[in-house]
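Colleague:
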Amino acid sequence: MNKLRILFVGNPSNGCLIRWLTLLPKGTDIEVFAPKSAENNETLLDKQYRHEELIKTIKKFKPDFVHSIGTMDTGALVLAARAATKLYWIATSVGDDFGPLADIPKQRGLIRKVTKSCDRFVSAAESSVYSSLIPPDGMGFVCKWRDRTFAKPPSERRQIILEGNFGLYGRSLVALAALERCRELILEYEIIVVDAGTEVRIAAELFQASTGICVKYLPGVTSADHLKRYESAALSLNVSICGGIHGSLLETMFLGAIPIESHTSCADKWIEHQKTGFLVDPDDPRHVESAIRAALAHPALLDCAAKSNRTVIEQRWSNAKIVQAMANFYSRSVC
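Using the working numbering, the first residue of the sequence shown is number 1034, and each one after it goes up by one.
1. In the DSSP assignment, what residue or residues form a beta bridge with Y1121?
2. Quick one: give me the first and last residue of the beta strand (DSSP E) that N1271 is part of.
3. Which residue marks the beginning of the alpha helix (DSSP H) containing I1291, and which one marks its end?
4. Please look up how many angstroms separate the CB atoms of E1064 and L1040, rounded, as I've assumed it's under 8 Å.
5. Let's see if you can read the secondary structure: which residues bound the alpha helix (DSSP H) around D1316?
6. Classify E1085 as buried or exposed, calling it buried when 16 or more other Cβ atoms lie within 10 Å of its own Cβ.
7. So, helix, strand or coil for G1245, using DSSP?
8. Give a yes or no on contact between the region 1311-1319 and the region 1350-1367, applying the rule of three or more CB pairs nearer than 8 Å.
9. For C1215, would you say it is in contact with chain D, using Cβ-to-Cβ distances shorter than 8 Å as the test?
10. Do F1287 and R1343 have their CB atoms nearer than 8 Å?
11. With a CB to CB cut of under 7 Å and the five nearest residues on each side skipped, what residues in its chain are close to T1118?
12. Flag this pair as yes or no: are the beta carbons of A1237 and V1248 separated by less than 8 Å?
13. Give the single residue among P1096, G1203 and L1329 whose Cα lies nearest to the Cα of I1123.
14. My output table needs one value for Q1192: the three-state DSSP class, helix, strand or coil.
15. Leaving out five residues on either side along the sequence, give the residues of the same chain with a beta carbon under 6 Å from the beta carbon of S1188.
16. Determine the direct distance from the alpha carbon of L1120 to that of Q1241, and round the result to whole angstroms.
17. Compute the distance between the beta-carbons of I1194 and S1243, then report whether it is under 8 Å.
18. With DSSP as the reference, label V1162 as helix, strand or coil.
19. Are G1142 and I1102 close, meaning C-beta to C-beta below 8 Å?
20. For A1208, I'd like the list of residues in its chain whose CB is within less than 7 Å of its CB, leaving aside the five on either flank, ordered along the chain.
21. Is it true that the CB of L1050 sits closer than 8 Å to the CB of M1359?
22. Answer yes or no: do I1246 and L1283 have a C-beta to C-beta separation smaller than 8 Å?
23. Taking 7 Å as the limit between beta carbons, can you name the residues of its chain near A1324, skipping five residues before and five after?
24. Between which two residues does the beta strand (DSSP E) harbouring D1336 extend?
25. Answer with buried or exposed for I1235, where buried requires no fewer than 16 other C-beta atoms within 10 angstroms of its C-beta.
26. Once you ignore the five residues that flank A1339 on each side, which residues in its own chain have a CB closer than 6 Å to its CB?
27. Relative to the alpha-carbon of R1214, which residue among S1046, I1137, R1319 and V1227 has its alpha-carbon at the smallest distance?
28. Using a threshold of 7 Å, is the CB atom of A1324 nearer than that to any non-hydrogen atom of the ligand NAD?
29. Return the bridge partner residues of S1115 from the DSSP annotation.
30. V1226: buried (16+ other C-beta within 10 angstroms of its C-beta) or exposed?
31. Counting C-beta neighbours from all protein chains within 10 Å, is the total for D1228 16 or more, i.e. buried, or is it exposed?
32. Note down the Cα distance separating S1328 from I1291, rounded to an integer number of angstroms.
33. Using DSSP with H/G/I as helix, E/B as strand and the rest coil, what is E1221?
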């Protein structure tokens, strides 16, 4: 395959974008364009400016194609610039695309425009909104695994990972409430909060003050240190109302932590409830509490589930399969 030039449009800190970048063929020329110039209070003028800046970037960089990560803001931005560039466009959805916003008529209309206008659509989840519009390409999530063995079986680990989801979709405060409800069971554990915003950090500090249980924080970018945390964790709690597959689920499964995921997600495509993980109501702390108690009360279940989950990842999404899938993916895009 000839050397590629790819312009990615997406949030530079987005885990899905980071995973794509780590798997690109060697020698690929890339540039990343952020969909927003500011985090908050973006005006209509700001959006028009980003649209014009994207067109300028495309004309200057001259990529073989544009690859957008996310459907709402990012997909809309590329859609607005499409008429002026006529470039081949790959659109990839992320977990936040699969939630309540997708049921709003205005957003449904945007989704239809993006999925029908792009040349290829890659979905990380099965959603009635998306699947009724265009078949996903089949790449789904991409993660590059390193060969690792379990440093400790999950039953001997004393850390719990909590994904610090907040905002419209996040329910990490529900997970914290669940942890507090079973405090007597986790007094010897550390809680590692990943990618915690201000609200979640305040709630976690109140949790620590109330329970005496140690809470630590970890940035949300996938890294070697991040993966080491999953190797040391008995459980991983990712509670939200997103409908997509979270990259952390696959990392959790591969590294032996037992996943507790929302039943709104597509985690049921990867784990078996109460056998290799738990699917919970993201709005009910009692339901999340029950899953935590069930997992920690059965050490043999933890260890058996870890082995089963590792096998699932190795069989369905091994490093060799990912690398080959990536090569095929981009080869078809430039043909």
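The C-beta atom is built at its ideal place from N, Cα and C for all residues, glycine as well.
Modeller: Result, derived from the coordinates:
1. Bridge partners of Y1121: F1098.
2. Looking at the DSSP string, the run of the beta strand (DSSP E) that includes N1271 is L1268 to N1271.
3. Element bounds for I1291: not the alpha helix (DSSP H) but the beta strand (DSSP E), I1291 to S1295.
4. Approximately 5 Å separates the beta-carbon atoms of E1064 and L1040; this is inside 8 Å, confirming the contact.
5. For D1316, there is no enclosing alpha helix (DSSP H), as DSSP gives it neither H nor E.
6. Classification for E1085: exposed.
7. Correct three-state label for G1245: coil.
8. Counting Cβ pairs under 8 Å, fewer than three are found: no touch.
9. Reference to chain D is not applicable here, since this structure consists of a single protein chain.
10. Pairing F1287 with R1343 gives a Cβ-Cβ distance under 8 Å.
11. Answer for T1118: I1088 and I1091, listed in chain order.
12. Yes, the Cβ-Cβ distance between A1237 and V1248 is below 8 Å.
13. Cα-wise, what sits closest to I1123 is P1096.
14. In this structure, Q1192 counts as strand in the three-state DSSP scheme.
15. For S1188, where only same-chain residues beyond five positions count, the Cβ hits under 6 Å are P1332, L1335 and D1336.
16. Going by C-alpha positions, Q1241 is about 52 Å away from L1120.
17. Taking 8 Å as the Cβ cut-off, I1194 and S1243 do not qualify as a contacting pair.
18. Only weak support is given to the placement of V1162: the predicted model assigns it a pLDDT of 41, under 50, and the value that follows is read from those uncertain coordinates. Correct three-state label for V1162: helix.
19. Against a cut-off of 8 Å, the Cβ pair of I1102 and G1142 comes out as no contact.
20. L1195, L1270, V1272 and V1321, listed in sequence order.
21. One thing to note: M1359 has its Cβ no nearer than 8 Å to the Cβ of L1050.
22. Inclusion of I1246 and L1283 in the CB contact set at 8 Å is not warranted, their separation being larger than that value.
23. I1293, F1311 and V1313, listed in sequence order.
24. Segment P1332 to R1349 is the alpha helix (DSSP H) holding D1336; no beta strand (DSSP E) there.
25. The residue is exposed, with fewer than 16 neighbouring Cβ atoms inside 10 Å.
26. Within the same chain, P1187 and G1289 come within 6 Å of A1339 by CB-CB distance, once the 5 residues on both sides are set aside.
27. In terms of CA proximity to R1214, R1319 leads the group S1046, I1137, R1319 and V1227.
28. Ligands are entirely absent from the displayed structure, and the ligand NAD is therefore not among its contents.
29. Strictly speaking, residue 1115 in this sequence is Arg, with Ser absent from that position. R1115 pairs with nothing; no bridge assigned.
30. Answer is buried; the Cβ neighbour count reaches 16.
31. Looking at its Cβ environment, which holds 16 or more other Cβ atoms inside 10 Å, D1228 is buried.
32. Going by the sequence as given, residue 1328 is Ala instead of Ser. Note on geometry: alpha-carbon atoms of A1328 and I1291 lie some 8 Å from one another.
33. Three-state result, E1221: coil.
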